[in-house]
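J.: First, the structure itself, so that you have it in front of you.
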Amino acid sequence: MLRFVLRRLGMVIPTFIGITVLAFALIHLIPGDPIEVLVGERNLDPVMHAEAMKRLGLDQPLTTQYFVYLKHAAQGDLGRSIVTNEGVLHEFFARFPATLELALCAMIFALVVGLPAGVAASLRRGKMLDHTTMGAALTGYSMPIFWWGLLLIMLFSVDLQWTPVSGRIGVEYDVPGVTGFMLIDTLLSGDEGAFASAVSHLILPTIVLGTVPLAVIARMTRSAMLEVLREDYIRTARAKGLSPWRVIVVHALRNALIPVITVIGLQVGTLLAGAVLTENVFSWPGIGKWLIDAILRRDYPVVQGGILLIATGVILVNLLVDVLYGVVNPRIRH
């Protein structure tokens with residue numbers, strides 16, 4: 001097991017270096033001068049422009065800038081925002097609870113709906129329920145997040161006026177930030193109206209962000225269940241007279257969940273990538289909106305640091321899933 005974990009750790013280092021190269025190169029490929037974007041005017045005085053470039057270290061060759069960035073990143077220093085002069089780490093962790101809260105709610109939504117849907121489809125294979133569930137899953141997987149989010153806003157926020165359009169809570173509430181998680185903070189404040197407002201603001205972003213993982217989990221659960229239901233031990237369990245509920249939940253579903261756990265881990269990356277679009281549709285103040293704003297303002301340190309931190313989180317989660325999968329299924333260690 002130790003050798004298996006060390007092999008996985010050995011793969012993390014080149015992956016991490018590759019991400020730093022991509023994060024650095026992609027933001028520099030975007031056309032536009034960060035100084036002019038920052039100042040807000042074109043044809044800036046050449047002397048002032050040169051001084052600003054030198055102060056920010058942008059007058060150095062790109063290779064020099066990259067190795068300086070890599071050296072500081074290895075020391076845990078991701079630099080300061082060109083726009084706000086705040087530390088990148090400070091800005092990231094100030095917004096991360098909003099994204100984490102949204103991602104957790106989306107994953108819970110995907111699991112609560114996706115797992116039963118996949119099981120039900122497998123038990124009704126070839127029937128109307130199976131075709132309807134798999135058709136809905138394929139449709140959900142194929143829908144662009146921007147279009148899906150705007151469609152829900154038009155229906156539930158504009159026409160029916162059941163949910164708010166954007167933000168995390170109504171402007172009439174002033175909830176002190178204790179944990180950064182709005183649901184927990186509103187509960188701690190004891191204001192039931194604020195909690196209800198926070199829940200209503202979460203509904204549409206959660207559905208939009210959770211749709212793709214839901215579709216993947218439903219299809220994977222159906223496939224794994226169909227395979228498990230053909231095994232001899234399932235026939236033996238039925239022959240012993242066990243109740244259908246016990247056969248499905250205790251014997252079939254528990255074994256079918258092994259590949260599903262891997263898929264759930266891989267969906268963390270999908271959730272974070274989807275959060276960038278979802279947060280911008282719903283003006284959700286998380287790291288996705290923060291990154292898009294930074295790209296528009298050519299805030300190089302924020303973009304590089306933000307991508308690096310998100311990628312590091314995804315790598316660590318996938319590493320954890322690999323290790324857990326190795327514990328559950330010893331065959332993959334070899």
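Just so you know, the sequence shown maps onto residues 1 to 334 in UniProt numbering.
Where a beta carbon is used, it is the ideal one built from N, C-alpha and C, also for glycine.
Computed from a prediction, not measured in an experiment: that's the story for all the values here.
Tell me whether the beta-carbon of D293 lies closer than 8 Å to the beta-carbon of I82.
T.: Residue numbering aside, residue 293 sits at position 293 when the sequence shown is read from its first letter. Residue numbering aside, residue 82 sits at position 82 when the sequence shown is read from its first letter. No. Outside cutoff.
J.: Hey, how far is the Cα of H90 from the Cα of G79?
T.: The residue labelled residue 90 in the question sits at position 90 within the sequence shown. The residue labelled residue 79 in the question sits at position 79 within the sequence shown. Their Cα atoms are separated by approximately 10 Å.
J.: Please return the same chain residues whose Cβ sits closer than 8 Å to the Cβ of R8, not counting the five positions on each side in sequence.
T.: For the purposes of this step, residue 8 is identified with residue 8 of the sequence shown, where counting begins at 1. Closer than 8 Å at the Cβ level, and outside the excluded window around R8, lie L319, D322 and V323.
J.: From the DSSP output, in three-state form, read off R254 for me.
T.: Sequence index remark: in the sequence shown, residue 254 carries index 254 (1-based). If DSSP states are grouped into helix, strand and coil, R254 belongs with the helices.
J.: Alpha carbons only, please: which of A50, F195 and M11 is nearest the one belonging to E172?
T.: In the sequence shown, residue 172 corresponds to position 172, counting from 1. Selected option, being the one with the closest Cα: F195.
J.: Rounded to the nearest angstrom, how far is the Cβ of A275 from that of G288, given a contact under 8 Å?
T.: By 1-based counting over the sequence shown, the position of residue 275 is 275. By 1-based counting over the sequence shown, the position of residue 288 is 288. With 8 Å as the limit, A275 and G288 qualify as a contact, their Cβ atoms being about 4 Å apart.
J.: Which same chain residues end up closer than 7 Å to G269 when comparing Cβ atoms and leaving out the 5 residues on each side of it in sequence?
T.: One-based indexing of the sequence shown puts residue 269 at position 269. Contacts found: V314.
J.: Which one of N255, W148 and F16 has the shortest CA to CA distance from V212?
T.: Numbered from 1 along the sequence shown, position 212 holds the residue referred to as residue 212. Here the closest residue by C-alpha is W148.
J.: Are V247 and R238 close, meaning C-beta to C-beta below 8 Å?
T.: In the sequence shown, residue 247 corresponds to position 247, counting from 1. In the sequence shown, residue 238 corresponds to position 238, counting from 1. Their beta carbons are under 8 Å apart, which means V247 touches R238 by this criterion.
J.: How should E86 be labelled, buried or exposed, when 16 other C-beta atoms within 10 angstroms of its C-beta is the threshold for buried?
T.: Within the sequence shown, numbered from 1, the residue matching residue 86 stands at position 86. Exposed, since its Cβ has fewer than 16 Cβ neighbours within 10 Å.
J.: Spatial neighbours of H201 within its chain, please: C-beta separation below 7 Å, excluding the five flanking residues on both sides.
T.: Start at 1 with the first residue of the sequence shown, and residue 201 comes out as number 201. Here the set comprises P164, G167, R168 and I169.
J.: Per DSSP, which one or two residues make a beta bridge with R80?
T.: As a first step, residue 80 must be located in the sequence shown, where it is residue number 80. Its beta-bridge partners are G87.
J.: By a C-beta neighbour count over all protein chains shown, 10 Å radius and 16 as the cutoff for buried, is A74 buried or exposed?
T.: Start at 1 with the first residue of the sequence shown, and residue 74 comes out as number 74. The residue in question, A74, is exposed, as its Cβ has fewer than 16 Cβ neighbours within 10 Å.
J.: I'd like the list of long-range same chain contacts for I19, defined as Cβ closer than 6 Å, with 5 residues on each side in sequence excluded.
T.: Your numbering for residue 19 matches position 19 in the sequence shown. Same-chain partners within the cutoff: A311.
J.: Where does D191 sit, in a helix, a strand or coil, going by DSSP?
T.: What you label residue 191 is simply residue 191 of the sequence shown in a count that begins at 1. Correct three-state label for D191: coil.
J.: Note the first and the last residue of the continuous alpha helix (DSSP H) segment covering D45.
T.: For the purposes of this step, residue 45 is identified with residue 45 of the sequence shown, where counting begins at 1. Careful: D45 lies outside any alpha helix (DSSP H) and carries neither H nor E.
J.: Taking the C-alpha atoms as reference points, what is the distance between F156 and V199?
T.: Translated into positions along the sequence shown, residue 156 becomes position 156. Translated into positions along the sequence shown, residue 199 becomes position 199. Spanning the two alpha carbons is a distance of roughly 15 Å.
J.: Whole alpha helix (DSSP H) runs in the region 130-156 with 4 or more residues, listed along the chain?
T.: Listed in chain order, the complete alpha helix (DSSP H) runs (minimum 4 residues) inside the region 130-156 are 145-152.
J.: Beta-carbon within less than 6 Å of G305's beta-carbon, same chain only, minus the 5 sequence neighbours each way: which residues are those?
T.: Sequence index remark: in the sequence shown, residue 305 carries index 305 (1-based). Excluding residues within five positions, the ones whose Cβ falls inside 6 Å are L78 and V88.
J.: Expressed to the nearest angstrom, what Euclidean distance is found between the alpha-carbon atoms of I207 and T186?
T.: Locating residue 207 in the sequence shown gives position 207, counting from the first residue. Locating residue 186 in the sequence shown gives position 186, counting from the first residue. Approximately 21 Å, taken between the alpha carbons.
J.: In three-state terms, what does DSSP make of I169?
T.: Along the sequence shown, one-based indexing puts residue 169 at 169. In this structure, I169 counts as coil in the three-state DSSP scheme.
J.: Flag this pair as yes or no: are the beta carbons of M220 and V263 separated by less than 8 Å?
T.: Numbered from 1 along the sequence shown, position 220 holds the residue referred to as residue 220. Numbered from 1 along the sequence shown, position 263 holds the residue referred to as residue 263. Contact flag set, yes.
J.: For R254, which option in T64, V119 and L56 has the closest C-alpha, if you only look at C-alpha atoms?
T.: Position 254 of the sequence shown, counted from the first residue, corresponds to residue 254. Measuring from the Cα of R254, the nearest candidate turns out to be V119.
J.: Return the CA-CA distance between F181 and F282, expressed in angstroms with no decimal places.
T.: Counted from its first residue, the sequence shown places residue 181 at position 181. Counted from its first residue, the sequence shown places residue 282 at position 282. The alpha-carbon atoms of F181 and F282 are separated by roughly 17 Å.
J.: For the alpha helix (DSSP H) containing V61, name the first residue and the last one.
T.: Working through the sequence shown from its first residue, we reach residue 61 at position 61. A small correction: the amino acid at residue 61 is Pro; Val does not occupy that position in the sequence shown. Run containing P61: none; DSSP gives neither H nor E here.
J.: Since L272 and A23 should fall inside the 8 Å C-beta cutoff, what is the C-beta to C-beta distance between them, to a whole number of angstroms?
T.: Numbered from 1 along the sequence shown, position 272 holds the residue referred to as residue 272. Numbered from 1 along the sequence shown, position 23 holds the residue referred to as residue 23. The Cβ separation is near 14 Å, so there is no contact.
J.: According to the Cβ coordinates, are R235 and S122 closer than 8 Å?
T.: Indexing the sequence shown from 1 puts residue 235 at position 235. Indexing the sequence shown from 1 puts residue 122 at position 122. No, the pair does not count as a contact, with Cβ atoms beyond the cut-off.
J.: Under a three-way DSSP split, which group does K127 fall into?
T.: Stepping through the sequence shown from its first residue, residue 127 is reached at position 127. It is coil, neither helix nor strand.
J.: Quick one: what's got a C-beta closer than 8 Å to H72's C-beta in the same chain, skipping five residues either side?
T.: Residue numbering aside, residue 72 sits at position 72 when the sequence shown is read from its first letter. Result list for H72: L78 and G79, in chain order.
J.: Relative to the alpha-carbon of H131, which residue among S142, A117, M143 and P144 has its alpha-carbon at the smallest distance?
T.: Working through the sequence shown from its first residue, we reach residue 131 at position 131. Nearest C-alpha to H131: A117.
J.: Go to P14, then tell me how far its alpha helix (DSSP H) extends in each direction, as first and last residue.
T.: Along the sequence shown, read from residue 1 onward, the residue named residue 14 stands at position 14. Its alpha helix (DSSP H) spans residues L2 to L29.
J.: Using three-state DSSP, classify F282 as helix, strand or coil.
T.: On the sequence shown, position 282 is the one that residue 282 refers to. Three-state result, F282: coil.
J.: Under a three-way DSSP split, which group does T262 fall into?
T.: Position 262 of the sequence shown, counting from 1, holds the residue named residue 262. Of the three classes helix, strand and coil, the one that applies to T262 here is helix, per DSSP.
J.: Can you give me the C-alpha to C-alpha distance between D159 and R3, rounded to a whole angstrom?
T.: On the sequence shown, position 159 is the one that residue 159 refers to. On the sequence shown, position 3 is the one that residue 3 refers to. If I take the Cα positions, the gap works out to 58 Å.
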